[in-house]
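Sequential numbering of the sequence shown, starting at 24, is according to my numbering.
Backbone N, C-alpha and C fix where the C-beta goes; we use that ideal spot for every residue, glycine too.
Each remark here refers to the structure printed beneath this line.
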Amino acid sequence: MRQTLSRAEARRLSLRAQGLGARRPEQVTGRQLRREIQRMATLQIDSVNVFARSHYLPLLSRLGPYDVALLDRLLFARRGPFVEFWAHQASFIAAEDWPLFGFRRRQHLERHATTDWFRVDDATLDWVRGELSSRGPLRPADIEDDARRTPRGPWWDWSSVKRALEFLWFTGEVAIAGRRGFQRVYGLVEQVLPAAVLGREVPGDEAIRELVLRAARACGVATLSDLDDYWRLRNRPAVARAVAELVEAGELLPVRVEGWATGARPAPAWVHRAAVLPRAMEAAALLTPFDPVVWFRERSQRLFDFTYRIEIYTPAPRRRYGYYSLPVLVGDRIVGRVDLKADRAASVLLVQSAWWEPNPPAGAAERIAVLLREAAAWQGLETISVSRWGDATDDLAALLRAPRHQPPDHQPPDHQPRSTAASRPARG
Numbered sequence: 024m025r026q027t028l029s030r031a032e033a034r035r036l037s038l039r040a041q042g043l044g045a046r047r048p049e050q051v052t053g054r055q056l057r058r059e060i061q062r063m064a065t066l067q068i069d070s071v072n073v074f075a076r077s078h079y080l081p082l083l084s085r086l087g088p089y090d091v092a093l094l095d096r097l098l099f100a101r102r103g104p105f106v107e108f109w110a111h112q113a114s115f116i117a118a119e120d121w122p123l124f125g126f127r128r129r130q131h132l133e134r135h136a137t138t139d140w141f142r143v144d145d146a147t148l149d150w151v152r153g154e155l156s157s158r159g160p161l162r163p164a165d166i167e168d169d170a171r172r173t174p175r176g177p178w179w180d181w182s183s184v185k186r187a188l189e190f191l192w193f194t195g196e197v198a199i200a201g202r203r204g205f206q207r208v209y210g211l212v213e214q215v216l217p218a219a220v221l222g223r224e225v226p227g228d229e230a231i232r233e234l235v236l237r238a239a240r241a242c243g244v245a246t247l248s249d250l251d252d253y254w255r256l257r258n259r260p261a262v263a264r265a266v267a268e269l270v271e272a273g274e275l276l277p278v279r280v281e282g283w284a285t286g287a288r289p290a291p292a293w294v295h296r297a298a299v300l301p302r303a304m305e306a307a308a309l310l311t312p313f314d315p316v317v318w319f320r321e322r323s324q325r326l327f328d329f330t331y332r333i334e335i336y337t338p339a340p341r342r343r344y345g346y347y348s349l350p351v352l353v354g355d356r357i358v359g360r361v362d363l364k365a366d367r368a369a370s371v372l373l374v375q376s377a378w379w380e381p382n383p384p385a386g387a388a389e390r391i392a393v394l395l396r397e398a399a400a401w402q403g404l405e406t407i408s409v410s411r412w413g414d415a416t417d418d419l420a421a422l423l424r425a426p427r428h429q430p431p432d433h434q435p436p437d438h439q440p441r442s443t444a445a446s447r448p449a450r451g
């Protein structure tokens, strides 16, 4: 691997490390889904279901349309290959990686001991432990009944039972045994995880070194902040020590990326020893906001010159791009974003808005139109309708020969489509 990379090379190297741009299989198997999750090392969860829940989308981005029931069997099976934990936020990890997060569970326990973080009393904890022990894995609603319903508490208005279950999960006595209707099912760890996993202890420094190594492999090329963020370690000194040890071991190689800087100086960066730099990147994908390619906003700015903000919590009149816009990758660039909504009752994929990034390449609109057709079919939707909000909507509607609908009611009056020579894709 060369000692200096251009930004374009860094993008291609990073995208290949994430499994993007590879040839798609004709039919996606459970084994291929498992391989891609292992490549990313974690799969973040988000409950928003306006188009599709976030954990389904990274596999669509990498493999194309697939049967989500295959993924559900991998992720939600009791004693299955994956389990939920607080990795990069709430995420799926390999069940065998549970011991790597022992240091985090200890941190959670210490935080609660000093701040009463979860505001839950010992009597409730003991009662919840007893319910799980005698009855097996349960939802909070299965434990709470009218006779023993506890007063609502101040933390997100959760009940004491819900807070107790979350505390026991954060600190390692409980694991997630699946979901019903996307509601977590909690079980004692011995009811969910293999005994061999529970019998392993990993010292904190060793665990962080291994997590940094996995982050480096998943990123391809990364700065210290990238490696720290991948698992939300928030411990730069420990990450720096791990990087130094991995460089000495030959696992990471120092590199300079043109344009990556800390102030006036080049930002230190490292390449994983197994990283592959492709000559070209033929990727085309819709990305969830929680895809590792874009989930760290500082990195997506550095790699793609892409400024991104999820606008779910932005007041409707102030939204710039839409409720839940998805970045669109074409080649090695983020070329635009589309805000999608599945109208399942009418069997329509609604393109609520669509926007170009500056100077999208020739053919970008055609590639996005294909992605939208695939997305609609994947969700079992028969037709596509395109709104008139965004400077990419006319291009996409024409290619899709799609009916048009009025923009969402929250469209700000000053955010009209801005079709300009600088923002529309070149033809040819």
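Shortest alpha-carbon distance to H295 belongs to which of D314, A245 and V215? A245
For Y79, three-class secondary structure by DSSP: helix
Point to revise | Whole-number beta carbon distance between P104 and V225, since they are thought to touch under 8 Å | key: About 19 Å; that fails the 8 Å criterion.
For the beta strand (DSSP E) containing Q55, list its first residue and its last residue.
It is not in any beta strand (DSSP E) - Q55 instead sits in the alpha helix (DSSP H) that spans G53 to M63.
* Rank F126, P88 and A292 by C-alpha distance to the C-alpha of T194 and give the top, closest one. => F126
Selected residue, minimal CA-CA separation from G354, among R25, L38, D144 and T27 = L38
Discussion item. Which residue wins for smallest C-alpha separation from R162, given the options T138, A198 and V143?
Written reply: A198
Requested in this report: Drop a sphere of 10 angstroms on the beta-carbon of Y336, count the other beta-carbons inside from all chains shown, and report buried for 16 or more, exposed for fewer.
Outcome: exposed
_Measuring alpha carbon to alpha carbon, tell me which residue in R85, P48 and D252 is nearest A307._
R85
**Prompt:** Under 8 Å between the Cβ atoms of F115 and L82?
**Reply:** no
Might you give, ordered along the chain, the residues of its own chain that have their beta carbon closer than 6 Å to the beta carbon of D169, omitting 5 neighbours on each side? Any answer about D169 is weak, because its pLDDT of 34 lies below 50 and its placement is not dependable; what the coordinates show is given next. Excluding sequence neighbours, D169 sits near nothing in its chain.
Open item on the list: Tell me the DSSP secondary structure of Q324 in three-state form.
Closed with: helix
**Request:** If I'm right that L309 touches V316 with Cβ under 8 Å, what's the distance once you round it to whole angstroms?
**Result:** Going by Cβ atoms, the distance from L309 to V316 rounds to 11 Å, so no, they are not a contact pair.
Close beta carbons around P301, own chain, < 6 Å, minus the five adjacent residues each side: R35 and R39
Find the nearest neighbour of R341 within the set Q214, P431, R223 and V106, judged by alpha-carbon distance.
P431
Could you have a look at W121 and say whether DSSP puts it in helix, strand or coil?
helix
Rounded C-beta distance between A118 and L216? I'm assuming under 8 Å. 6 Å
### Query
Buried or exposed: where does G359 fall if 16 or more other Cβ atoms within 10 Å of its Cβ makes it buried?
buried
* Check whether the stretch 253-264 touches the stretch 230-241, taking contact to mean three or more Cβ pairs, one atom from each stretch, closer than 8 Å. => yes
Item to complete: Give the straight-line distance between the Cα atoms of A297 and A239, rounded to the nearest whole angstrom.
Response: 10 Å
Starting from I407, trace the beta strand (DSSP E) both ways and give me its first and last residue. T406 to S410
Item to check | Proximity of G413 and A377 at Cβ, strictly below 8 Å | outcome: yes
- Message: For a test of the three-state rule: what should DSSP assign to I333, helix, strand or coil?
- Response: coil
Ordered along the chain, which non-local residues of its own chain (more than five positions away) have a Cβ less than 6 Å from that of A265? I231, R232 and V235
Extent of the continuous alpha helix (DSSP H) run through Y253 | L247 to Y253
Query raised in the report: Shortest alpha-carbon distance to R202 belongs to which of A415, V371, G153 and I68?
Result: I68
Under the rule that 16 or more other beta-carbon atoms within 10 Å means buried, what is P260, buried or exposed? exposed
So which of E405, D314 and G345 has the shortest CA-CA distance to D366?
E405
Could you check what DSSP says for A200 in three-state terms: helix, strand or coil? strand
DSSP has S114 in a bridge; who is on the other side? Q67 and F108
Between P48, L148, S248 and E268, which has its C-alpha nearest R322's C-alpha? S248
Please state the DSSP three-state secondary structure of W379. strand
_For F329, which residues in the same chain have their Cβ closer than 6 Å to its Cβ, ignoring the five residues on either side in sequence?_
S323 and I357
Review point. Which residue comes first and which comes last in the alpha helix (DSSP H) that contains L15?
Key: It is not possible to answer for residue 15, since the shown part of the chain is limited to 24 through 451.
*For Q112, which residues of its own chain have a beta-carbon under 6 Å away from its beta-carbon, when the five flanking residues on both sides are left out?*
Q67
Practice item. Reducing DSSP to helix, strand and coil, say where P340 ends up. Key: helix
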